[in-house]
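Position in the sequence shown (first residue = 1) + 54 = our numbering. A virtual CB, placed ideally from N, CA and C, is assigned to each residue, including glycine.
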Amino acid sequence: MASARPRWQAGRQAGGGGRGREGAGEGDRPPPPSRRPRRPAHERPTDRGAAWRAGRPGGGGGGSDGGGAPKVAEPSRAGPDAWVLGAMIEVSAALLRGPVFLAGEALECLVTLRNPLPPAATSASSEMLAWASAQVHCQLHASESRVALPPSDSSRHDVQAENETVFVPNRGERGQCVLSTPPKILFCDLRLDPGESKTYSYCEALPVDGPPSFRGQAVKYVYKLTIGCQRVNSPIKLLRVPFRVLVLHGLKDYQLPQDEAVAPSNPFLEEEEGAKKDSRLADLATELLMAAASRRSLHLYSISNARGKVGTLGIFKTVYKIGEDVVGTFSFCEGEIPCLQYSVSLQTEEWVQEAFQRRPGQPAAHSTHARHQESCLHTARTSFSLPIPLSSAPGFSTNVVSLKWRLHFEFVTSREVAETPVAPESQSEASSWTGAEQMDVDTFSWDLPIKVLPTNPLLASYISPFPSCNSLTI
């Protein structure tokens with residue numbers, strides 16, 4: 055009997071667990087009842103919290119019947135489901151009024167954090183966040199072949215240490231940060247139980263003197279609201295919500311009308327007063343835009359080339375809002391030179407400021423937003439209509455680039471008098487007229503500058519490609 059026990063122990067060490075008995079032989083005795091075989095390595099809990107969950111005694115709590123529980127919900131490797139569910143918080147940010155704003159307005163965003171575990175989960179599944187902050191910033195992206203910008207020192211923020219707590223909203227972004235608002239702390243030391251959610255409100259007035267949102271050939275101005283969240287001893291996670299900013303130049307020079315009734319000072323009415331101020335700003339901007347774009351007076355332009363007069367262009371205004379139509383008429387009745395064809399294009403000119411040009415005398419970059427072309431031989435009067443896209447940027451100027459709008463006309467005229475078709479005297483007689491197969495022509499172009507202003511942000515929100523809500527799981 056004394057020799058059987060060593061053979062059973064040797065078999066257990068060789069086979070691992072209960073399989074050692076089977077490899078030891080049929081005559082071996084089973085293990086004594088007082089000694090239980092060791093569990094396989096992949097079933098053993100690796101931390102004290104997992105030992106408590108498995109029903110074995112652990113540090114800081116009782117066994118399977120005890121009432122103690124671990125104070126910190128650390129992820130357990132007892133199973134893949136426990137590891138995934140123990141490290142998840144859903145963060146979502148929603149812009150209340152849409153993704154388009156006027157410079158000077160207040161941006162409002164609701165930030166919601168939720169623990170997606172079911173409420174029936176144990177308290178060990180509670181999640182902790184150290185802090186969260188929010189900040190608005192504008193990034194400038196420049197084409198290296200067109201713009202020569204000085205080097206930026208923001209590249210040192212591209213890499214983040216594991217335990218770094220510095221909130222850099224443009225970390226990992228290309229280009230340079232040209233505008234940023236002061237960061238605001240949303241919360242510190244937040245604990246979320248299973249199924250629990252918390253919502254925080256972020257409000258920030260957009261700077262009036264910033265550049266508008268713009269995507270051109272030389273530069274791009276991109277606005278984003280960045281929300282940074284961090285767990286303890288974990289890297290910072292960033293949630294970015296892009297939005298669009300329209301700038302009405304001269305708005306900051308106007309004083310907001312004062313209310314006739316002076317209300318007493320009340321700290322609890324601060325948000326209400328801020329909303330009233332924001333509403334007055336939007337109303338003032340709407341009035342200024344309506345006053346500037348509603349002035350109508352007929353402007354007549356004589357179209358001529360070196361051989362003589364071609365026709366007359368009539369246009370009712372030269373100041374428009376994005377979303378409006380540019381309407382004009384042509385009259386060729388008094389023309390001395392026959393016009394065979396004309397085209398008109400709605401274009402923008404993107405000029406890089408001289409200090410940032412890649413090469414001296416660099417020409418402007420042109421973009422066509424709408425175009426109309428028509429054959430007009432033997433036409434007395436005609437018209438055109440060009441829509442200004444709501445997604446386009448109004449004219450502006452910064453220290454790097456300026457944007458201007460224009461109507462670009464191209465005319466094709468004949469060098470000889472074209473034969474005019476003669477209508478038959480009797481309507482019962484059939485007649486046909488065939489134009490000349492070849493004609494000597496002249497071509498020339500002409501540019502008419504126009505002014506394009508922003509529009510109501512609510513109207514531009516309907517066609518904005520930016521979503522009003524973004525989410526992140528950390």
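Could you give the first and the last residue of the continuous beta strand (DSSP E) run that contains residue i?
{"i": "Pro503", "result": "495-507"}
{"i": "Leu167", "result": "160-168"}
{"i": "Cys242", "result": "238-246"}
{"i": "His191", "result": "181-196"}
{"i": "His423", "result": "419-429"}
{"i": "Gln230", "result": "230-234"}
{"i": "Val154", "result": "154-156"}
According to the Cβ coordinates, are residue i and residue j closer than 7 angstroms?
{"i": "Ala447", "j": "Pro205", "result": "no"}
{"i": "Val145", "j": "Cys242", "result": "no"}
{"i": "Leu183", "j": "Leu240", "result": "no"}
{"i": "Ile281", "j": "Val165", "result": "yes"}
{"i": "Ile357", "j": "Leu367", "result": "yes"}
{"i": "Gly365", "j": "Phe384", "result": "yes"}
{"i": "Ser439", "j": "Asp379", "result": "yes"}
{"i": "Thr372", "j": "Ile504", "result": "yes"}
{"i": "Gln401", "j": "Thr422", "result": "yes"}
{"i": "Val454", "j": "Val273", "result": "yes"}
{"i": "Pro261", "j": "Lys278", "result": "no"}
{"i": "Leu194", "j": "Val232", "result": "yes"}
{"i": "Ala347", "j": "Leu156", "result": "no"}
{"i": "Cys257", "j": "Ala147", "result": "no"}
{"i": "Leu352", "j": "Gly158", "result": "no"}
{"i": "Leu171", "j": "Ile143", "result": "no"}
In terms of alpha-carbon separation, which member of the options lies closest to residue i?
{"i": "His420", "options": "Glu404, Leu431, Glu408", "result": "Glu404"}
{"i": "Leu292", "options": "Cys393, Glu378, Trp185", "result": "Trp185"}
{"i": "Glu491", "options": "Leu512, Ser468, Val455, Trp500", "result": "Ser468"}
{"i": "Phe465", "options": "Lys458, Val406, Ser399", "result": "Ser399"}
{"i": "Ile528", "options": "Glu388, Pro289, Ala175, Gln193", "result": "Pro289"}
{"i": "Gly377", "options": "Phe155, Cys393, Val201, Pro511", "result": "Pro511"}
{"i": "Leu508", "options": "Ser197, Val222, Pro248, Arg298", "result": "The amino acid occupying residue 508 in the given sequence is Pro; Leu does not appear at that position. Per the Cα distances, Arg298."}
{"i": "Ser187", "options": "Ser437, Tyr254, His303, Val506", "result": "Tyr254"}
{"i": "Pro248", "options": "Cys257, Glu181, Val201, Ala202", "result": "Glu181"}
{"i": "Thr433", "options": "Glu388, Leu149, Leu502", "result": "Glu388"}
{"i": "Ile391", "options": "Lys238, Cys231, Asn359, Trp459", "result": "Asn359"}
{"i": "Leu543", "options": "Ala202, Gly152, Leu526, Leu502", "result": "Since the first residue shown for the chain is 55 and the last is 528, residue 543 is missing from the structure and cannot be characterised."}
{"i": "Ser179", "options": "Glu258, Leu338, Glu250", "result": "Glu250"}
{"i": "Ala418", "options": "Phe450, Lys458, Pro441", "result": "Lys458"}
{"i": "Arg413", "options": "Val201, Leu171, Pro223, Ala157", "result": "Val201"}
{"i": "Tyr275", "options": "Gln230, Ser499, Cys257", "result": "Gln230"}
{"i": "Arg349", "options": "Lys375, Asp337, Leu335, Arg334", "result": "Lys375"}
{"i": "Asp269", "options": "Val495, Trp500, His426, Ser456", "result": "A small correction: the amino acid at residue 269 is Arg; Asp does not occupy that position in the sequence shown. When each option's Cα is compared against that of Arg269, the closest is Ser456."}
{"i": "Asn169", "options": "Gly158, Asn224, Lys252", "result": "Lys252"}
Go ahead and label residue i buried or exposed: buried means 16 or more other beta carbons lie within 10 angstroms of its beta carbon, across all protein chains shown.
{"i": "Phe370", "result": "exposed"}
{"i": "Ser515", "result": "buried"}
{"i": "Val220", "result": "exposed"}
{"i": "Thr488", "result": "exposed"}
{"i": "Gly226", "result": "exposed"}
{"i": "Ser88", "result": "Note on Ser88: pLDDT 46, under 50, position unreliable in the model; no value is reported."}
{"i": "Trp137", "result": "For Trp137, the predicted structure reports a pLDDT of 33, less than 50, and the residue's modelled location is therefore unreliable. A value from the coordinates is still provided. Trp137 is exposed by the Cβ-count criterion."}
{"i": "Asn287", "result": "exposed"}
{"i": "Cys523", "result": "exposed"}
{"i": "Arg228", "result": "exposed"}
{"i": "Ser486", "result": "exposed"}
{"i": "Arg98", "result": "Because Arg98 carries a pLDDT of 47, less than 50, the predicted location of this residue cannot be relied on, and the following value inherits that uncertainty. Under this definition Arg98 is an exposed residue."}
{"i": "Leu513", "result": "exposed"}
{"i": "Pro441", "result": "exposed"}
{"i": "Ala345", "result": "exposed"}
{"i": "Leu300", "result": "buried"}
{"i": "Val154", "result": "buried"}
What span of residues does the alpha helix (DSSP H) with residue i cover, start to end?
{"i": "Pro296", "result": "No alpha helix (DSSP H) holds Pro296; the beta strand (DSSP E) holding it covers 290-300."}
{"i": "Leu279", "result": "Taken as a continuous stretch (DSSP letters only), Leu279 belongs to no alpha helix (DSSP H), being part of the beta strand (DSSP E) at 273-284."}
{"i": "Leu512", "result": "511-515"}
Checking the sheet assignment: what are the DSSP bridge partners for residue i?
{"i": "Thr253", "result": "Thr166"}
{"i": "Val201", "result": "Gln411"}
{"i": "Thr527", "result": "Glu144"}
{"i": "Gly362", "result": "Asn359"}
{"i": "Glu388", "result": "Answer is none; Glu388 lacks a bridge partner."}
{"i": "Ile376", "result": "Its beta-bridge partners do not exist; DSSP assigns none."}
{"i": "Ile369", "result": "His353, Gly382"}
{"i": "Glu258", "result": "Leu161"}
{"i": "Leu457", "result": "Glu404, Phe450"}
{"i": "His462", "result": "Ser399, Asp501"}
{"i": "Val471", "result": "Note: Val471 sits in no beta bridge, so no partner."}
{"i": "Arg269", "result": "Lys274"}
{"i": "Thr436", "result": "Phe384"}
{"i": "Pro441", "result": "Asp379"}
{"i": "Leu171", "result": "For Leu171, which the question treats as bridged, DSSP gives no partner whatsoever."}
Flag residue i as yes when its Cβ comes closer than 6 angstroms to any non-hydrogen atom of the ligand COA, and as no otherwise.
{"i": "Gln427", "result": "No copy of the ligand COA occurs in the structure displayed, which carries no ligand at all."}
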